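With our numbering applied, the sequence shown covers -2 to 149.
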Amino acid sequence: MVSEPLIRIASGLEPTTADWNRKPAGQLILLLLLLLIFAREHRAASLPPGFSEEALEGPWTEPVGLTFESEQKSSNGRAYIWERTGKVWIFENGAKQSPPLIDISEEVGGWRDHGLLGFALHPRFRDNGYIFLAYTVDHHHLTKFGTSNYHS
């Protein structure tokens, strides 16, 4: 005759709560293993050699991303940070530069998850000054462009 646990395994049934209550040592071992796994996954990440972590002081309004020029003039570097609202800022020598490099906030449709979502510098940006933007155009701005109602 086949014992009950073998029948459960063969039939695909899970052990009942009563089975777990009879095995507190097994529960404790399982709990400890889970804690070890999660503790290992949540350890602070360390940076590779040559990298440093720096807080970029704002204030910022919904920053989406940042990028760097491929050729930097200074050792401190220059970061370009863009906000969903349509502004692109230069962050250089540990400070946010004012005014913004680009401010197209009037024409950016910044509702829900739309807005200025992409920004890129041409690989030869220092030579040609080309900047590429990906943003949602505000419908009012698009339909009224060039008319007397444009700024109303």
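We put the beta carbon where it would ideally sit given N, CA and C, even for glycine.
Quantities reported herein were computed from a predicted structural model and do not represent experimental measurements.
Within the model, the alpha-carbon separation for Gln94 versus Gly55 is close to 10 Å. In this structure Thr58 touches Thr82 by the C-beta definition: roughly 5 Å separates them, less than 8 Å. DSSP places Ile99 in the strand class (E or B) of the three-state scheme.
The criterion of a C-beta distance shorter than 9 Å is satisfied by Leu113 and Val85. Here Thr133 carries a coil assignment [DSSP, helix/strand/coil]. Each of Ile26, Phe48, Asp135 was checked against the Cα of Arg109, and the nearest Cα belongs to Asp135.
Here DSSP, grouped into helix, strand and coil, assigns Thr64 to strand. Under DSSP, Gly115 forms a beta bridge with Ala131.
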